[in-house]
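If you read the protein sequences in the order shown, they are chains A and B. Residue numbers for the first sequence follow the working numbering, beginning at 1 and rising by one. Residue numbers for the second sequence follow the working numbering, beginning at 980 and rising by one. Each residue gets a CB set at the ideal place from its N, CA and C atoms; glycine is no exception.
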Amino acid sequence: MIFQTFLFRLSCCLLLGSVGVASAGERTIQERLAAKDIDYWFFKPLTHPEVPVVKDRDGWCRNEIDRFILAKQEALGIVPAPRADARTLIRRAYFDLIGLPPEFEEVQAFREAYAKDPDAAFEHLIDELLKSPRYGERWGRHWLDLARYGDSNGYKADEYRPHMWRYRDWVIGALNADMPYDQFVRWQIAGDEVAPENPDAVTATGFLRLWPYESNQRDAPKQWGIILEDITDVSGSLFLGLSMGCAKCHDHKFDPILQDDYFRLQAFFSGIYPDDSIVAATPEEKKVHAESLARWEESTAALRKERDGLLAQGLKNAEVNAVKKFSPELQALYNKPEAELTPLEVQHKFLIQRQVDIEQEKVATKLKDAAKARYEAIEAELKKLAALKPKPLTPVYAVRDVGPVAPAAYIPDDDEKRSFSPGFLSILDPGQAKVSREGVKAGNSSGRRTALADWMTRPDNQITTRVMVNRLWHYHFGSGIVATGNDFGKQGTAPTHPELLDWLAQRFVQEGWSLKRMQKLIMTSAVWQQASLVEPGDAASRNDPGNQLIWRQRIRRLEAEQIRDATLQSGHELDFTMGGAGYDGEAVLRRSIYQKLMKNPRTLFLNTFDGPDGFNSCACRDVSTTAPQALVMLNNDFLNRRAQRIAGLALTEQTDDGSIDRAFQLVLGREPSGEEVSQAREFLDQVRAGLSKNKGPVALPPPTPKVQTTAFKEFPTSPYSGGSAVNIQPNSLFEKVEVTGLPRNEGGSFTVQAVLSLDSLYPDASVRTIASRWRSSPELSADSYGWSLGITSVKSKYSPGNLIVQLTGQDNAGNPHYEVIASGIHLSEQAAYYVAAVIETGGTDGGTVTFHARNLSDPDAKMESVIVPHPFTGPIQVPERRLFLGGRDEEGHLFDGSIARFALHDHALKAEELLTGTSPAAAALVDLTFKNDQLPPQVVRAAPGSGSSPSLKKSDPRLAALIDLSLALLNSNEFLYID
Amino acid sequence: MKPPHYEMARSRRDFLARAGAGFGSLALAHLLGRTGALASSGNAPLLRHHAFGRAKSVIFLFMEGGPSHIDLFDPKPLLNKLAGQQLPASFKRPLTAMGEQDSPILAEKRVWKQHGQAGTWVSDWLPHTSTIVDDICVIRSCKQDGLNHVGSVCQMNTGSILAGRPSLGAWATYGLGTENDNLPAFVVLTDSDAKPFNGSRNWGTGFMPSTYQGTPFKFGDEPVANLANPGGVSVHRQRQRIDFINQLNRRHIQSRSFQSDLEARINSFELAYRMQAEIPLAVDIADEPPHITELYGIGNPQTDANARNCLLARRLVERGVRFVQVFAGTGSKWDAHKGIEKNHTDRCAESDQPVAALIKDLKQRGLLDETLVIWGGEFGRTPMSEQGDGRDHNPWGFTMWMAGGGVKGGQTLGATDELGLYATEDPQHVHDLHSTILWSLGLDARKLIFMNNGTMENPVINQGDPFLKVFG
């Protein structure tokens, strides 16, 4: 094996005091290496350690891993901890594998199963979690840390990269599918070479596009050098576990890594070309697209020719102006005929061209007068033909090679202008890497990256295999066998269990490079399942007080995303929509991994809780504990909304003790102890006392409830509802109710149906809201998007009793817009009605609302139906807004009457699919009927006046106290740490 | 001195203290390894490296966008002689940021005088600064690697033109901790709602823990993000909340006493609570007497924003804040590519009086010697014109000044060439400037080590030396 041979030869040479018969150049390398510690363990081949024989008197060991662990402990007389209890195990397993806490009910179910058969229950749990799509969302985040993922360019402008997320989604998908790690690596480094026809493999090369990019940097060669350095540094840390960056300017001071090695590694990447026209599509898709595009081009040829003529001069000027800003040398380069450009010049020209493109994109907007008018007319004509145009293929940030010949790598500002061909670490293989185009499927590629990927994924590569299994260990134990996961060199820490590391590395390859199999192996070990809450025995305190030998599990703090996701999960608010473009800010309640990650302004949680910076490969998150963290957790609007939500759920319990129980279950996944209940009760009393003492803004009296005892009311039986309804009245305890637990939001086209009876219309201009997901705002913005189905007031300009839909969203001009869509169907008071609104958006010009209503109290009444067009193209929702019956996600506009049935579908139902129709509809998001005993579990009583903001000004003291209790639980160490 | 708002056992001293309380050397090694935050022994954050260390605090007055040194501190008579002509062939022609390759030399229209006992040259654009020249040391030979704002602002704040490194304030905080538990150790002030180039990265921590990052303050109801209680929560109720959280956490810690960060978290709530009380007081300048607010120019619309920031900077260092970064002309407003007359007339009028007032005020309180004040932008401006009446970026030679913190006032050091294009005498790269600043704090920049991924990082990337002439 190459890996062994050279070391062996080098060692011999040293022993003999000779440099052998190698060439002059190689001799220099050998001499330079000889000055370093060439016997350093990390560069030696994998050893084949026997699984140690242990005494194991207590029968502690579960698998081979444990024997490696126990052998070291026994040697020092240390006794490992027993297995943790069931609740600890499930919580630890959930956070490790899916990054979320288990719900109380899941904990209970696991405890029962565990009591019957612990091993089977636990194995089943691991299998289920590994199968969960949430797994990729947790482990994808680890990989994104390592790959320095971000959705923007960095630098001042920090432009958004609109399709970078496709790489993020690819990572999540690949991990969910347990893609073998060798393929996972191969695709990221050379997917375009080894599988150019596979859209996923091409998307994976997005890894090579994650460098910061400065859109107005005029020194193109310098920027290209910086880009290659970024890729080299990250690859060195991520795959090789070495701080290669130290060798950029000189031989590594501590490790046997030469400056040459840095540029030899860089030379594998020096052929890349970050082509923005690359799409993720199969050859068939490309063919179909091309054909269809050709047809469109043919039918629009004349129009486009005229348009291009209008733009031609402007484009030329823009090009000249953009190019003028570069140095005379680069201007000359830009103007050279393509055929005369060297590959390196092609790469430099790419960076110039990008700036030209930016200027040229502005040209059309600068047209004036007649040209402008004609241009717009042509565009309008073209828009009419838009239906002919095929949808663009999926754009991705990917790479290809600049050509079959890749430029060499160069040391910047090197007087000798030395150039480097691809090569592996000299200590392992001082010769040039063998780059062949065998196995390279892309026609025009150098094969360099394939050669690197081949080397990295060799089953006997001691570097890459050790580095990856160590990362797995790190993520399951809070620290790797080598604690410095991105530096296995001498400046890093030594392995605590070198034999186990090598054993795991080989097992990893034997298991087909499967991460999931390795994780199951690790998690079914006794060492992983140990309790963390044990005091050290004498031997442990004496010999290993720092727990390096893992005689108990390590307590770990949640990471930034886990904290955010877990707070959302506690109130059952987490939206599990997967994938797609990153969402902005904190108002969208999806998992944190899908948040848009700009390189410059970091998100609240990443900024507060030691998130990675998106510039460096991050192997190990810091765990800092700061006062600003406490300020965020106590005072930030996001946290207080979560606490309010949890309190709202807990408030449905009738008694304090019940509410306390519920809050503990929601946040901590367990029931409180008797002592905890009494302390919490005392706390609730204190808060309430404080509120009633202080007649300031917090102490407004609670509204006097009209209906105290029951939320229910008899309702005339109909084919569409039972004999009971929820009675919704302003200023009652049930002035509106929230509907929770939807598997997803209803989206842009949906159907609302209800059976109801209206007691009164508003005397003022307010609307009797039947159902809504909306918080209105005098200023239209994306934050005020939403919908509401309601009935107009006595004073309404749409005539009283009119069934209407109010929509706020994006209109067909792309602007925020508000509109009342009135049906003209009028509802009488004190009569039972079936009503429906089928809301469709998403067309290019807008959509429709189809209303249906039928008076159920009048046997002769027929269904009235009407279709009303509207200009909304969507979106028409803020996903964070809550779904209410009888009101909005703000104060006012309350219903007065009874609602006997409510159904919501996430698509437009045809007339026959309605509740009144003949053919059954697809499953509803929610379909509620009401009985006289208790509210359906999805329905949460909304406290009077709640919903507008977390301000507690008008809430009742009981709710306020429960909010404080919930916030305190979210701030508890028990919530933030994993035992 | 303590590390800022940060209770986990991560300082060497803290480790040693804990080692005495039952933690053996293995624990020490483990924690060191796990956190990767501290160098092995011998590198000792929290300890001054040398005896000079005069400054306890730093106020960095950052003139964002790049003020023109040749119109403010570095007079060049040759400019007006060659006005309208090309850069003489004897000058190496630089690659300019905006790419105007052949623009002629632009005349300067200033009236220059020597001021103070030392006879320091200052132009008529800075009449107030002219009155403090005997307290400042003008360094005319600064230079840096960036050409655009993004790289240059980044380097002036973090040492590198590329993102990813800790800011100077973070390094100072890492090295010296805080003097006041109830305030952030590192505070950032901007003179408008505009964002500085690179935004929070200018006060970020790169590869260090978030503990050391700068905290932006602003005037108004909530000077710091998340400082105010949520709507309707009284001080009393906030106290009740924290007490209950403490109750929960103290119960939780009973069986986990070995886990030091759990205890740190309990303390962090107390610190947060105290910060909630103290920050509003620090920011409330209503208790300043009229002669002080007038000195700074508070109330005058033109100077008000900078006056408030300079006054607040003084109040903060008075209270033990380690590093105050004040952005003047936030959002690159000194960037006079065109119409430099109007641009610099305005910028100087906005900042000159507040800056001079700060020096005078610190001095009259006896704080100047323990406060290092730095004035300057990310670069200067070219002798060549741009767009007819502006000047392009000049990172090759420009002026900054320092005062206090042991700096010997009344000096003018270093020089640029006859047109102010390149630094020629005692060139001071950003790494040198950072070394000098840290030196004033008693820190040796090359010995201030942070272990990152096995690399011994320091603030100056193994380059640069303190410019000791600054200290006389």
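When the alpha-carbon of V396 (chain A) is set against those of A:G99, A:Y114, A:D200, the nearest one is in A:D200. Beta-carbon to beta-carbon, K391 (chain A) and S724 (chain A) are separated by about 50 Å, too far to satisfy the 8 Å threshold. Along the region 630-658 of chain A, the positions whose C-beta sits under 8 Å from a C-beta of chain B are A630, L631, V632, L634, N635, N636, D637, N640, read in chain order. For R138 (chain A), the closest of A:M164, A:H893, A:E676, A:L100 by C-alpha to C-alpha distance is A:L100. Distance from L885 (chain A) to A903 (chain A) at the Cβ level is roughly 11 Å; contact not present, criterion being Cβ atoms closer than 8 Å.
For R1244 (chain B), the closest Cβ of chain A is nearer than 8 Å.
At a cut-off of 8 Å between beta carbons, T1190 (chain B) contacts chain A.
Residues of the same chain with a CB within less than 7 Å of the CB of A93 (chain A), apart from the 5 flanking positions on each side, are L125, I126, L129, M523 in chain order. Around the C-beta of H250 (chain A), fewer than 16 other C-beta atoms lie within 10 Å, and the residue is accordingly described as exposed. The C-alpha of E779 (chain A) lies about 39 Å from the C-alpha of Q654 (chain A). Contact with chain B is found for A968 (chain A), since one of that chain's Cβ atoms lies less than 8 Å from the residue's Cβ. With distances taken between CA atoms, K1321 (chain B) lies nearest to B:W1104 out of B:W1104, B:F1446, B:R1220.
In this structure, L742 (chain A) sits away from R642 (chain A), with a CB-CB distance that is not shorter than 8 Å.
Ranked by how close their Cα comes to the Cα of T918 (chain A), the residues A:A924, A:L925, A:K910 have A:K910 in first place.
Counting the other Cβ atoms within 10 Å of the Cβ of N815 (chain A) gives fewer than 16, which makes it exposed. Using a Cβ-Cβ cut-off of 8 Å, P1209 (chain B) counts as an interface residue toward chain A, since at least one Cβ of chain A sits closer than that to its own. The straight-line gap separating the alpha-carbon atoms of R882 (chain A) and R591 (chain A) is approximately 17 Å.
Within the same chain, Cβ atoms closer than 6 Å to the Cβ of K516 (chain A) are found at L130, D178, the five residues on either side in sequence being excluded. Our two residues, R552 (chain A) and A540 (chain A), have alpha carbons roughly 10 Å apart in a direct line. Counting only Cβ-Cβ distances below 7 Å, P601 (chain A) has contacts in chain B at G1178, S1179, in chain order. Residues of the region 316-348 of chain A whose Cβ lies closer than 8 Å to any Cβ of chain B, in chain order: K324, K325, F326, S327, P328.
By the rule that beta-carbons nearer than 8 Å mark a contact, T88 (chain A) does not touch chain B. Leaving aside the five residues that flank T608 (chain A) on each side, the residues in its chain whose CB is nearer than 6 Å to its CB run, in chain order, Q629, V632.
For a Cβ distance threshold of 8 Å, residue set R557, V623, T625 of chain A lies close to D1240 (chain B), ordered along the chain.
Residues E74 of the same chain have their beta carbon placed closer than 8 Å to that of K55 (chain A), with the five preceding and five following residues left out of the count. Checking the DSSP bridge columns, you'll see S718 (chain A) partnered with A:S721.
In this structure T365 (chain A) is exposed. Its beta-carbon is surrounded by fewer than 16 other beta-carbon atoms within 10 angstroms.
With a beta-carbon spacing of about 5 Å, V323 (chain A) and Y334 (chain A) fall inside the 8 Å limit used to define contacts. In this structure, T464 (chain A) places its C-beta atom within 8 Å of the C-beta atom of F239 (chain A). Restricting attention to A:R418, A:I963, A:K383, the CA atom closest to the CA of D637 (chain A) is found in A:I963. Listed in chain order, the non-local C-beta contacts of R901 (chain A) below 7 Å within the same chain comprise Y720, S721, A754, V755, L928, T929, local neighbours out to five positions each way being set aside.
Leaving aside the five residues that flank K389 (chain A) on each side, the residues in its chain whose CB is nearer than 6 Å to its CB run, in chain order, W296. For C246 (chain A), the nearest beta carbon of chain B is closer than 8 Å to its own beta carbon. In the three-state reduction of the DSSP assignment, Y818 (chain A) falls in the strand class, which pools E and B. Proximity of A1142 (chain B) to chain A, defined by a Cβ-Cβ separation below 8 Å, is satisfied. Among the bridge pairs identified by DSSP, F1306 (chain B) is matched with B:F1041, B:T1169.
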